[in-house]
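Residue numbers (this note's numbering), protein chains in the order written: chain A, 554 to 883; chain B, 554 to 883; chain C, 554 to 883. Positions of the beta carbon are idealized from the N, C-alpha and C atoms, including for glycine. Structure record follows, encoded as structure tokens.
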Amino acid sequence: MTKHLNPIFNLDQFERKPRFINGFYKRDILSVEQFSQEDLNYVFSRADEMMAMVEKWGTCDLLKGYTLACVFYEPSTRTSSSFIAAMERLGGKVIPITEGIQYSSVSKGESLIDSMITIEQYCDVIVLRHPQIGSSAMAAKHVNVPIINAGDGAGEHPTQALLDLFTIKNELGCINGLRVAMVGDLRYGRTVHSLTQLLSQYDVSLRFVSPDTLRLPMELMNMLIDKGIDVRESHKIEDVIETADVLYVTRIQKERFPDITQYEEVKNYFVVDEELLKRAKEKMIVMHPLPRISEIDYRVDKDPRAAYFRQVQNGLYIRMALLAAVLGQA
Amino acid sequence: MTKHLNPIFNLDQFERKPRFINGFYKRDILSVEQFSQEDLNYVFSRADEMMAMVEKWGTCDLLKGYTLACVFYEPSTRTSSSFIAAMERLGGKVIPITEGIQYSSVSKGESLIDSMITIEQYCDVIVLRHPQIGSSAMAAKHVNVPIINAGDGAGEHPTQALLDLFTIKNELGCINGLRVAMVGDLRYGRTVHSLTQLLSQYDVSLRFVSPDTLRLPMELMNMLIDKGIDVRESHKIEDVIETADVLYVTRIQKERFPDITQYEEVKNYFVVDEELLKRAKEKMIVMHPLPRISEIDYRVDKDPRAAYFRQVQNGLYIRMALLAAVLGQA
Amino acid sequence: MTKHLNPIFNLDQFERKPRFINGFYKRDILSVEQFSQEDLNYVFSRADEMMAMVEKWGTCDLLKGYTLACVFYEPSTRTSSSFIAAMERLGGKVIPITEGIQYSSVSKGESLIDSMITIEQYCDVIVLRHPQIGSSAMAAKHVNVPIINAGDGAGEHPTQALLDLFTIKNELGCINGLRVAMVGDLRYGRTVHSLTQLLSQYDVSLRFVSPDTLRLPMELMNMLIDKGIDVRESHKIEDVIETADVLYVTRIQKERFPDITQYEEVKNYFVVDEELLKRAKEKMIVMHPLPRISEIDYRVDKDPRAAYFRQVQNGLYIRMALLAAVLGQA
Numbered sequence: 554m555t556k557h558l559n560p561i562f563n564l565d566q567f568e569r570k571p572r573f574i575n576g577f578y579k580r581d582i583l584s585v586e587q588f589s590q591e592d593l594n595y596v597f598s599r600a601d602e603m604m605a606m607v608e609k610w611g612t613c614d615l616l617k618g619y620t621l622a623c624v625f626y627e628p629s630t631r632t633s634s635s636f637i638a639a640m641e642r643l644g645g646k647v648i649p650i651t652e653g654i655q656y657s658s659v660s661k662g663e664s665l666i667d668s669m670i671t672i673e674q675y676c677d678v679i680v681l682r683h684p685q686i687g688s689s690a691m692a693a694k695h696v697n698v699p700i701i702n703a704g705d706g707a708g709e710h711p712t713q714a715l716l717d718l719f720t721i722k723n724e725l726g727c728i729n730g731l732r733v734a735m736v737g738d739l740r741y742g743r744t745v746h747s748l749t750q751l752l753s754q755y756d757v758s759l760r761f762v763s764p765d766t767l768r769l770p771m772e773l774m775n776m777l778i779d780k781g782i783d784v785r786e787s788h789k790i791e792d793v794i795e796t797a798d799v800l801y802v803t804r805i806q807k808e809r810f811p812d813i814t815q816y817e818e819v820k821n822y823f824v825v826d827e828e829l830l831k832r833a834k835e836k837m838i839v840m841h842p843l844p845r846i847s848e849i850d851y852r853v854d855k856d857p858r859a860a861y862f863r864q865v866q867n868g869l870y871i872r873m874a875l876l877a878a879v880l881g882q883a
Numbered sequence: 554m555t556k557h558l559n560p561i562f563n564l565d566q567f568e569r570k571p572r573f574i575n576g577f578y579k580r581d582i583l584s585v586e587q588f589s590q591e592d593l594n595y596v597f598s599r600a601d602e603m604m605a606m607v608e609k610w611g612t613c614d615l616l617k618g619y620t621l622a623c624v625f626y627e628p629s630t631r632t633s634s635s636f637i638a639a640m641e642r643l644g645g646k647v648i649p650i651t652e653g654i655q656y657s658s659v660s661k662g663e664s665l666i667d668s669m670i671t672i673e674q675y676c677d678v679i680v681l682r683h684p685q686i687g688s689s690a691m692a693a694k695h696v697n698v699p700i701i702n703a704g705d706g707a708g709e710h711p712t713q714a715l716l717d718l719f720t721i722k723n724e725l726g727c728i729n730g731l732r733v734a735m736v737g738d739l740r741y742g743r744t745v746h747s748l749t750q751l752l753s754q755y756d757v758s759l760r761f762v763s764p765d766t767l768r769l770p771m772e773l774m775n776m777l778i779d780k781g782i783d784v785r786e787s788h789k790i791e792d793v794i795e796t797a798d799v800l801y802v803t804r805i806q807k808e809r810f811p812d813i814t815q816y817e818e819v820k821n822y823f824v825v826d827e828e829l830l831k832r833a834k835e836k837m838i839v840m841h842p843l844p845r846i847s848e849i850d851y852r853v854d855k856d857p858r859a860a861y862f863r864q865v866q867n868g869l870y871i872r873m874a875l876l877a878a879v880l881g882q883a
Numbered sequence: 554m555t556k557h558l559n560p561i562f563n564l565d566q567f568e569r570k571p572r573f574i575n576g577f578y579k580r581d582i583l584s585v586e587q588f589s590q591e592d593l594n595y596v597f598s599r600a601d602e603m604m605a606m607v608e609k610w611g612t613c614d615l616l617k618g619y620t621l622a623c624v625f626y627e628p629s630t631r632t633s634s635s636f637i638a639a640m641e642r643l644g645g646k647v648i649p650i651t652e653g654i655q656y657s658s659v660s661k662g663e664s665l666i667d668s669m670i671t672i673e674q675y676c677d678v679i680v681l682r683h684p685q686i687g688s689s690a691m692a693a694k695h696v697n698v699p700i701i702n703a704g705d706g707a708g709e710h711p712t713q714a715l716l717d718l719f720t721i722k723n724e725l726g727c728i729n730g731l732r733v734a735m736v737g738d739l740r741y742g743r744t745v746h747s748l749t750q751l752l753s754q755y756d757v758s759l760r761f762v763s764p765d766t767l768r769l770p771m772e773l774m775n776m777l778i779d780k781g782i783d784v785r786e787s788h789k790i791e792d793v794i795e796t797a798d799v800l801y802v803t804r805i806q807k808e809r810f811p812d813i814t815q816y817e818e819v820k821n822y823f824v825v826d827e828e829l830l831k832r833a834k835e836k837m838i839v840m841h842p843l844p845r846i847s848e849i850d851y852r853v854d855k856d857p858r859a860a861y862f863r864q865v866q867n868g869l870y871i872r873m874a875l876l877a878a879v880l881g882q883a
């Protein structure tokens with residue numbers, strides 16, 4: 554039976570190989586700090602191609618032969634389903650490792666590193682969400698396959714920042730020369746910090762609208778001033794609505810306020826509605842990392858300037874571009 | 554690096570297009586009420602083709618290029634795995650959104666509609682299970698991709714009713730002229746109500762067997778009488794077993810009885826066993842929406858008239874037919 | 554509309570058929586006891602082919618047309634993701650049935666057998682993990698598709714034992730003539746028992762290192778002696794480290810000790826570190842079923858003799874070989 558066994562495969566036929574060997578091939582995606590303008594242009598033009606492909610074909614076989622392990626140590630339906638859709642639309646396979654992660658190996662005392670090295674044995678790339686700051690960078694040191702950081706606690710969520718910037722470019726045609734207003738919780742909002750960092754590479758004006766208790770951290774503000782970026786802060790959207798090209802709105806969480814009456818006082822300054830948008834430019838966009846609570850009135854959804862759902866879709870294209878790039882296929 | 558970028562795709566090659574543009578293309582599947590006899594015939598003959606395909610090939614590439622988001626706000630392993638298998642056997646991709654849905658966006662206060670519009674950005678069709686009556690219809694108003702209702706609380710579960718009717722037709726060759734007996738909890742049983750509604754389009758006799766406290770609701774009974782359907786009610790299976798072509802059995806839940814002794818009194822009237830089936834026709838079928846508890850004795854499983862597991866398989870074919878139809882591929 | 558319906562498929566084209574009809578085709582994989590040396594050689598040489606395929610292609614279409622239901626009644630990220638990766642790399646489809654299994658049908662009182670027969674309607678092979686001893690064998694009696702036991706409580710976990718033996722053969726070139734030392738919890742460790750059973754088919758020397766309270770069960774020891782295997786027991790790794798070709802290390806759980814001071818006394822005898830390995834052969838391997846806690850020092854990971862992560866990867870190839878074999882494709 555074992556002698557002269559008929560082989561299953563004819564392995565001469567074909568070999569899986571990288572098609573594009575550039576700065577992204579086998580690289581980890583850990584932080585927005587690693588992206589130069591040239592890198593951003595590269596990823597954005599690949600994302601454009603992904604958009605065109607999805608519209609025409611829906612899916613393709615670009616990542617046939619590759620497997621993604623999508624490892625989520627905390628639930629984030631939004632981000633995990635975006636990565637799963639991205640990999641599947643590229644013809645790759647997905648091993649979702651979400652549920653049960655807290656019950657099984659971890660509860661037996663296994664370290665994150667051991668888990669990552671174990672998972673690496675099955676796959677070609679890992680997307681990692683973990684509540685601990687620096688977790689993705691630590692994992693990247695110990696495994697050989699590329700790690701894409703899908704959020705490391707209070708740390709970074711680089712693909713979110715990339716999709717935000719891609720949305721601005723895509724909707725308005727360029728980044729230089731724009732006035733971008735960030736609104737809401739600028740202190741704790743991870744997405745605001747990362748996007749601000751990316752924007753600081755460009756010739757933009759930035760406006761920061763928040764309550765006193767939720768202002769942009771000093772370090773970020775100093776960095777912007779050092780770079781000579783035109784920055785101003787304000788308490789009310791009214792101050793920025795007329796000149797903003799981008800209104801980037803975030804959730805203000807009640808829990809951030811030591812005193813609920815403080816929250817009640819300020820919350821209405823940070824709500825975007827139809828009335829407010831009457832005073833905005835005709836060519837501008839409203840963005841939001843979602844989920845929203847009541848920061849943007851539902852009636853705004855029909856306004857063509859409401860870009861937040863297109864922003865979600867852009868996340869798909871950016872993630873497709875990154876997955877393909879780190880695997881040498883874009 | 555970004556200039557003269559080698560394109561990844563040659564998008565001239567092919568375009569994803571609907572092959573069949575009929576009444577199902579881009580249509581939501583929300584309720585059995587939307588199905589005419591012609592519609593039912595169409596879906597059933599497509600389901601026949603699916604059955605033949607699965608037997609011969611197992612899977613195919615009919616829905617290559619399409620992605621299903623399978624969104625379950627309450628667990629239903631049975632229904633979700635049937636839809637996942639259906640989409641996968643058709644060569645489509647699946648984004649399962651189940652676990653964690655309660656912890657992540659929803660707990661951040663996101664509305665169902667925002668979640669649905671977000672998920673829509675990644676996919677071509679959505680299957681939705683949600684505990685709230687009318688949820689699928691509401692979602693369908695706000696999203697552009699087709700929604701298939703996989704159960705909206707006390708509302709409807711249309712694919713279950715379609716697979717029930719398909720099973721009857723498939724097992725017995727026709728629907729007109731049959732005597733169908735429904736047994737058990739006819740008051741709360743969603744599947745009984747929907748199947749009854751579908752059957753009322755045909756020339757059938759209906760027999761309803763239940764305890765007094767679980768009789769078919771008056772509105773449904775009046776509707777049947779208005780349509781001139783031959784209906785009778787009874788307390789015991791014995792009254793219908795000899796003439797029934799279809800015995801459709803459902804769970805009777807103890808919790809429905811205010812007094813446990815009432816339950817003990819009646820429960821034995823609603824158990825199907827080998828002894829009972831000796832008095833049934835040779836060509837008849839026993840159906841059950843499953844899971845069963847003790848309504849059908851395990852020894853009945855070997856009787857060729859036990860159709861309840863074939864019924865499960867028919868669910869696969871019906872769901873394949875519907876997915877393909879709403880995407881214009883059947 | 555229903556007359557002269559254009560058919561969707563041309564079913565003449567092709568038929569899904571077994572390519573290899575041998576002892577594995579349609580067979581359940583329930584226990585290591587069912588594997589003869591000839592069987593093991595067969596599976597191992599198929600696993601070798603899988604390894605070569607994965608390295609060159611990543612994935613293939615060998616199981617195109619086939620669907621696996623991966624049913625886990627208790628979480629085991631490690632095992633389930635290995636099976637999912639295995640099926641996906643072979644081009645098959647996977648229906649993961651994990652989350653929610655405890656809430657939905659089961660909580661409605663459904664029996665394991667009914668669940669298995671239901672799931673069988675959608676798929677071609679079932680992988681089952683269930684906490685109850687004998688559950689897979691019981692399921693196998695009632696369903697027609699092959700069942701692969703992925704752990705039945707204190708019972709068996711045959712694919713783990715196969716991947717362990719495959720690792721030994723793969724790393725050291727043969728099995729006969731080796732000295733294998735098992736270290737740690739030899740009383741409760743399911744993997745130790747199964748691997749011991751497989752090894753007893755070969756001409757090996759076995760060394761068992763454990764605290765008194767965690768010695769190999771008498772029945773196993775007697776079986777080995779009856780077969781004339783060279784066996785010895787010991788309290789310290791030091792006694793075996795110099796001559797072992799394989800050091801198979803397992804977790805020792807504090808909870809196994811009635812008195813914590815007993816644990817503290819012995820635990821250091823069962824830790825593998827760089828210092829210890831200096832005394833080991835140059836050509837030997839350290840194995841561990843993982844997850845580890847502190848039995849193997851992290852610095853050992855870089856030693857080429859540390860085989861435990863390659864062991865994980867071998868699990869992928871063994872599971873690919875078995876899935877393909879029971880479906881008649883290997």
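The segment 728-797 of chain A is shown to contain whole beta strand (DSSP E) runs of 3 or more residues at 732-736, 758-762, 783-787, in chain order.
For the C-beta of lysine 579 of chain A, not a single chain C residue is nearer than 9 angstroms; the gap to the nearest is close to 15 angstroms.
Between leucine 558 of chain A and the set C:Gln587, C:Gln815, C:Asn594, the nearest pair of CA atoms involves C:Asn594. For phenylalanine 567 of chain C, the number of other beta carbons within 10 angstroms of its own is below 16, and it is reported as exposed. Those residues of the segment 555-573 of chain C placed with their C-beta closer than 8 angstroms to a C-beta in chain B are Thr555, Leu558, Asn559, Pro560, Ile561, Phe562, Leu564, Phe567, Glu568, Arg569, ordered along the chain. Under DSSP, lysine 646 of chain A forms a beta bridge with A:Thr620. With respect to serine 688 of chain A, aspartate 705 of chain A sits close: the two C-beta atoms are nearer than 7 angstroms. Any Cβ of chain C closer than 7 angstroms to the Cβ of valine 879 of chain B would place that residue at the interface, and such an atom is absent. Restricting attention to A:Ala797, A:Ile686, A:Thr712, A:Ile778, the CA atom closest to the CA of valine 680 of chain A is found in A:Thr712. No Cβ of chain C is located within less than 7 angstroms of the beta carbon of isoleucine 700 of chain B.
Close CB contacts of asparagine 723 of chain C within its chain, under the 7 angstroms cut and outside five residues either way in sequence, are with Asn867 (chain order). For a Cβ distance threshold of 7 angstroms, residue set Ile648 of chain A lies close to isoleucine 637 of chain C, ordered along the chain. Residue pairing by DSSP places histidine 710 of chain C in no beta bridge whatsoever.
Cβ contact annotation for methionine 774 of chain B (same chain, cutoff 6 angstroms, sequence separation greater than five): none. Put simply, the segment 584-602 of chain C does not touch the segment 575-588 of chain B. Fewer than three CB pairs are less than 8 angstroms apart. A check of alpha carbon separations from glutamate 818 of chain C across C:Glu835, C:Gln685, C:His788 identifies C:His788 as the nearest. By the neighbour-count criterion, in which 16 or more other beta carbons inside 10 Å mark a residue as buried, proline 649 of chain C falls on the buried side.
DSSP places glycine 704 of chain A outside any alpha helix (DSSP H); the residue lies instead in the beta strand (DSSP E), whose first and last residues are 700-705. Closest by C-alpha distance to isoleucine 672 of chain C, out of B:Glu709, B:His710, B:Ser629, is B:Ser629. Looking at B:Gln815, B:Leu830, B:Asn702, the one whose alpha-carbon comes closest to that of glutamate 791 of chain B is B:Leu830. With a cut-off of 8 angstroms on Cβ pairs, the segment 732-745 of chain A is in contact with the segment 796-809 of chain A, counting three or more such pairs.
Three or more beta-carbon pairs separated by less than 8 angstroms link the segment 836-848 of chain B to the segment 803-823 of chain B, which places the two stretches in contact. Among the bridge pairs identified by DSSP, isoleucine 672 of chain B is matched with none. Beta-bridge annotation (DSSP): arginine 832 of chain A is not paired with any residue. In the structure shown, the three-state DSSP call for methionine 873 of chain A is helix. Between glutamate 828 of chain B and the set B:Leu615, B:Glu808, B:Asp856, B:Phe810, the nearest pair of CA atoms involves B:Asp856.
The C-beta of tyrosine 626 of chain A comes no closer than 7 angstroms to any C-beta of chain C.
Using a CB distance cut-off of 7 angstroms, lysine 836 of chain A does not count as an interface residue toward chain B. Around the Cβ of asparagine 697 of chain B, a 10 Å sphere holds fewer than 16 other Cβ atoms; the residue is exposed.
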